[in-house]
Amino acid sequence: MTEQTERYDPKAIEAKWQRVWEDERASAVANPESSGDPTPKSYVLEQLPYPSGSLHMGHMLPFTIGDVATHFRRRNGFRVLHPMGFDAFGLPAENAAIRAGGHPREITERNIEAIRRSMRRIGWWIDWSRELSTHEPAYYRWQQWQFLRFLERGLAYRRGAPVKWCPNDQTVVANEQVLADGSCERCGTQVESRLMEQWFFRITDYAQALLDDLETVDWPESIKARQRNWIGRSEGAEVGFRIAEWEEDVPVFTTRPDTLYGATFFVLAPEHELVARIDSEEVREYVRRAAAKKTAERAAAVEKTGVFTGLHAINPVNDERIPVYVADYVLTDYGTGAIMAVPAHDRRDFDFARAFDLPIRQVVKPVDRDVDETEPYTEHTESEVLVNSGEVDGLAAPEGGRRLVERLERDGSGRFAVNFRLRDWGFSRQRYWGCPIPVVYCDDCGIVPIPDRELPVVLPEVDDYKPRGRPPLAQAEEWVNVACPACGGPARRETETMDTFVDSSWYFLRYCDAENDTAPFDRGLVDYWNPVDLYIGGVDHATMHMIYARFWVKVLNDLGLVGFREPFASFYSNGWVTIGKTKISKRSGAFVGPDEFVERYGADAVRLCILFLGPADQDMEWTEEAADGMARFVRRLWRVVNDVAEGAPHGEPAGGPLARKAHETIAKATDDIGRRFAFNTAISAVMELVNELSRDRTGPDARFAAETAVSLIQPYAPHVAEELWEVLGRERLWEEPWPAADPAMLERETFEMAVLVNGRLRDRLVVPSSISEQEMIERALESPKALAHIDGKTVQQRIPVPGKLVNIVVV
RNA sequence: GCCGGGGUGGCGGAACCGGUCAGACGCGCCCGACUUAAAAUCGGGUGGCCCUCGGGCCAUGAGGGUUCGACUCCCUCCCCCGGCACCA
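Each position in the first sequence, counted from 1, maps to that position plus 1382 in the working numbering.
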């Protein structure tokens, strides 16, 4: 390091370039001028951040990954959309307002301010001109508009449904406000299940499409698996059992129609609509007790409980009368809420039968042996045959099942059926801080949509955000009482608001046309940018948000509003960064976040560090040692490049080992970023190059190697890269195309050939790349070190691997 | 129970299609240089065991197998993390 070289000052450098880029509006991306624009596009997006207090370490990884991808794609000639916005509605701000006073809007907007400032300070390449926040009327106006389209199609509807009710707060609480033990997040009271009118989106209509189209997206298998789990498709049959005493059919869903002859009793869920009509004090008492139980308690129950109803059901395959029970091991919201019980072949039915001393009739057995009848036998393959099953006796179980359903279809008492675990999306919240649902209730007309021209229905001011048995919006009397848009008579506005998952189901569309005030977006623009080419975020949103958004887009596609059916063509699931417990907590007390690290190490070092910690799709721990190490690398890079700038000659590189190394590094880094998303190894490749460069700072290839290192590190550390680019006498690195490796420079005239004897390395020889396989073997057999291990033995095989090795097999 | 992902030095992790001593890069640690000293920086070392200093042997959760060759493929088992779950 020479005396003239300035000390590396990240703060000054980062501020300098951030100003330059801002002045030039460098990170803004224009929509294409015409549809014929040949520039390829790429849409890079991280999941919409929720503006809690300030930026935290959890944000660092996804946004930095997205940022590297943005720079990389940009410099590879893509028109890259990389926007930002905020998931501004939601409970935390509302709860903070209740707790500490203030308006949720003020709290939220203050947080957004702080986060935006932190994001700018880190230097993420974001098109801020498209910024949105979901709480702005300009945004939610179009959400209300879309809701009305759903409503017209019957895809949004209202019905009674069980909800979580907190008896202390006198309010419905969101599922996410209920802790694992069934208590209210805020007051600790056990929540109850209540039947209330709720708004739903008919997502179950799309269950099959949501499942099928997973095949068309490039997502990690684990995420797809979670969605498949969540959707929970199962094939079977729906079979009607007649209640003998009432002459009324009750359908059940079963995946095992082959066991129909084994049904020895019938069970209704306590919430089944039939149960309420049974005139029995014993049954009523059981239903009351079941309702009082927490869901978790019901699921965890070891002993089966239930009560006989006095009714009997008739099995349609054999007209057998079987007793009907009510038992809470049957769930009300799966299948039909009623089951045929086959204790011989179902663990739960078996347990119930044992407890209530009910008959157990085996109908399925392995072809070649008898089974232990003290346990339920649940196999169901071609090597199981049916017994005690009338006309299907002796058939393979699946085949027999098919025959039985076919017969029931002819009789009209059953059919093949597919059942899903997925349920309709209940999206109404009895809370204040959310998007108003644009309908009114009219005594004469019922539910009436607010006309499009009157949108947005703006969230009114209220004095008290705390729900007191009715949604907070109900307090805004003047706002609530309106004339019915249909008949002009008195009507009341909907006082519930939308789940914030609605807000995040279409924000990526709005970015494409963020200023539009005549429509949610222009179809041409959304069709240009979408689907998102790289969506980045955490696994925690793998089911809820990522299913809802997929559903939303499918509906919009059916409505002709967008021309695609999947929002996220590829998804990268980032790991979570935790902060190590070593020295950090000791030194700096309670909260340590990105701001503090940026202050201490500079944004570039923090960005590099976060990606160098390990593979970006794994969890990792931020430690002070790691950050120190990365700060050291950046300083080293700074020194070495400055030395090169002063001491190395200009002009064409000489093509020596350093130039070769530079080309190899280009190839490696390009592949690592572009194809593998292995950011950690791309950085280590550049480190290797810098290590070599530091040993030869003034040679003929040094300048080329330095330029290469700086150019390759730019997506990670854009500020110092830009400054060093200037030090090297060049300008505007951010506009520089991504370097390309010269294939000729990747080829070597010689290579180091390994000589293995029985698979063990014995020698290494430098041989010409053009060497033939025969020559490779000859050279290997000349190696004294190899011969020492061959001596006295018989050579059995000689295996040459071109460009790599020769393996001599001896015995 | 079903489904998904993992197990490599003191630590984070490399090794991409089965092919050159497995352990890149970094952290930590050790030795040395510079310094009155420290920091910073620079150079060297760093899986284990043995060694006549040439090298040899062992080693990627455990055990088998396929192969000329296995961290990589197959089988069995153990352990860890995550999702779904009285889902009929």
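Don't be surprised by glycine CBs; every beta carbon is placed ideally from N, CA and C.
These numbers come from a predicted model, not from an experiment.
Rounded Cβ spacing between residue i and residue j (contact assumed at less than 8 Å)
| i | j | result |
| --- | --- | --- |
| Val2139 | Val2192 | 6 Å |
| Trp1506 | Phe1445 | 6 Å |
| Ala1896 | Leu1514 | 6 Å |
| Phe2086 | Pro2125 | Contact doesn't hold; Cβ gap of about 17 Å is too wide. |
| Pro1633 | Gly1618 | In fact, because the Cβ distance is near 12 Å, the residues do not count as touching under 8 Å. |
| Gly1719 | Glu1653 | 7 Å |
| Phe1468 | Ile1494 | 5 Å |
| Ile1489 | Ala1496 | Actually they are not in contact, since the Cβ atoms of Ile1489 and Ala1496 sit about 11 Å apart, beyond 8 Å. |
| Val2072 | Arg2018 | 7 Å |
Alpha carbon of residue i to alpha carbon of residue j, nearest angstrom
| i | j | result |
| --- | --- | --- |
| Phe1460 | Pro1422 | 5 Å |
| Thr1714 | Pro1549 | 23 Å |
| Arg1743 | Pro1725 | 7 Å |
| Gly1542 | His1464 | 42 Å |
| Tyr1588 | Gly1717 | 17 Å |
| Val2137 | Leu2147 | 8 Å |
| Thr1756 | Ala1735 | 12 Å |
| Thr2080 | Gly2029 | 5 Å |
| Val1944 | Asp1825 | 36 Å |
| Ser1416 | Met1466 | 24 Å |
| Val1800 | Arg1751 | 32 Å |
| Trp1581 | Arg1540 | 4 Å |
| Glu1396 | Glu2104 | 9 Å |
| Asp2001 | Asn1956 | 8 Å |
| Arg1835 | Ala1408 | 37 Å |
| Thr2132 | Asp1986 | 39 Å |
| Thr2005 | Pro1997 | 16 Å |
| Gln1386 | Glu2046 | Low confidence applies here, because Gln1386 scores a pLDDT of 47, under 50, leaving its location unreliable; read the following figure in that light. Cα-Cα distance, rounded: 32 Å. |
| Val1706 | Tyr1759 | 23 Å |
| Ile2065 | Asp1909 | 35 Å |
| Val2023 | Ser1434 | 40 Å |
| Ala1451 | Leu1916 | 9 Å |
| Asn1413 | Asn1898 | 13 Å |
| Trp1934 | Asp1728 | 38 Å |
| Tyr1390 | Ile1992 | 20 Å |
| Ser1967 | Gly1440 | With a pLDDT of 41 at Ser1967, under the threshold of 50, the predicted position of this residue should be treated as unreliable, though the coordinate-derived value follows. Roughly 17 Å separates the two Cα atoms. |
| Ala1623 | Gly1794 | Per the sequence shown, the amino acid found at residue 1623 is Phe instead of Ala. Spanning the two alpha carbons is a distance of roughly 11 Å. |
| Val2109 | Leu2115 | 12 Å |
| Glu1781 | Trp1612 | 29 Å |
Residue of the options minimising C-alpha distance to residue i
| i | options | result |
| --- | --- | --- |
| Gln1525 | Arg2042, Val2149 and Ile1819 | Ile1819 |
| Glu1876 | Gln1812, Asn2024 and Arg1947 | Gln1812 |
| Leu1837 | Arg1503, Arg1523 and Asp2078 | Arg1523 |
| Phe1732 | Leu1786, Phe1648, Ile1660 and Ser1810 | Phe1648 |
| Gly1772 | Glu1764, His1762, Leu1786 and Ser1765 | Leu1786 |
| Glu1685 | Phe1738, Gly1692, Gly1796 and Glu2007 | Phe1738 |
| Arg1784 | Glu2113, Leu1693 and Val1621 | Val1621 |
| Val1822 | Val1862, Phe1798, Glu1791 and Glu1788 | Val1862 |
| Arg1874 | Glu1859, Asp1885 and Asp1881 | Glu1859 |
| Leu1841 | Pro2166, Leu1855 and Met2127 | Leu1855 |
| Glu1574 | Leu1592, Trp1403, Ser1886 and Val1554 | Val1554 |
| Leu1891 | Asn2073, Cys1817, Cys1866 and Arg1932 | Arg1932 |
| Met1578 | Arg1852, Val1411, Phe1471 and Glu1978 | Arg1852 |
| Gly2145 | Ala2162, Gly1794, Val1669 and Arg2114 | Note on residue identity: the sequence assigns Asp, not Gly, to residue 2145. Comparing Cα-Cα distances from Asp2145 to each of Ala2162, Gly1794, Val1669 and Arg2114, the minimum goes to Ala2162. |
| Lys2050 | Gly2033, Lys1393, Met2069 and Glu1791 | Met2069 |
| Asp1595 | Leu1740, Val2092 and Lys1936 | Lys1936 |
Bridge-paired residues (DSSP) for residue i
| i | result |
| --- | --- |
| Gln1744 | DSSP lists no partner for Gln1744. |
| Lys1423 | Arg1461 |
| His1923 | None; His1923 has no bridge partner. |
| Met2135 | Leu2147 |
| Ser1955 | Gly1919 |
| Ile1721 | Val1649 |
| Ala1619 | Thr1636 and Phe1798 |
| Ile1480 | According to DSSP, Ile1480 bridges with nothing at all. |
Residue i Cβ short of 7 Å to the ligand ATP heavy atom set
| i | result |
| --- | --- |
| Lys1398 | The ligand ATP is not among the ligands present in this structure, which contains no ligands whatsoever. |
(message) Taking 8 Å as the cut-off, does the segment 1441-1456 touch the segment 2054-2069 (at least 3 CB pairs, one atom from each stretch)?
(response) yes
(request) Would you check if the segment 1661-1675 and the segment 1608-1622 touch, i.e. whether three or more CB-CB distances between them fall below 8 Å? (result) no
(message) Check whether the segment 1590-1606 and the segment 1936-1953 touch, using three or more Cβ-Cβ pairs below 8 Å as the test.
(response) yes
(message) Quick check: the segment 1842-1849 against the segment 1474-1493, are at least 3 beta-carbon pairs closer than 8 Å?
(response) yes
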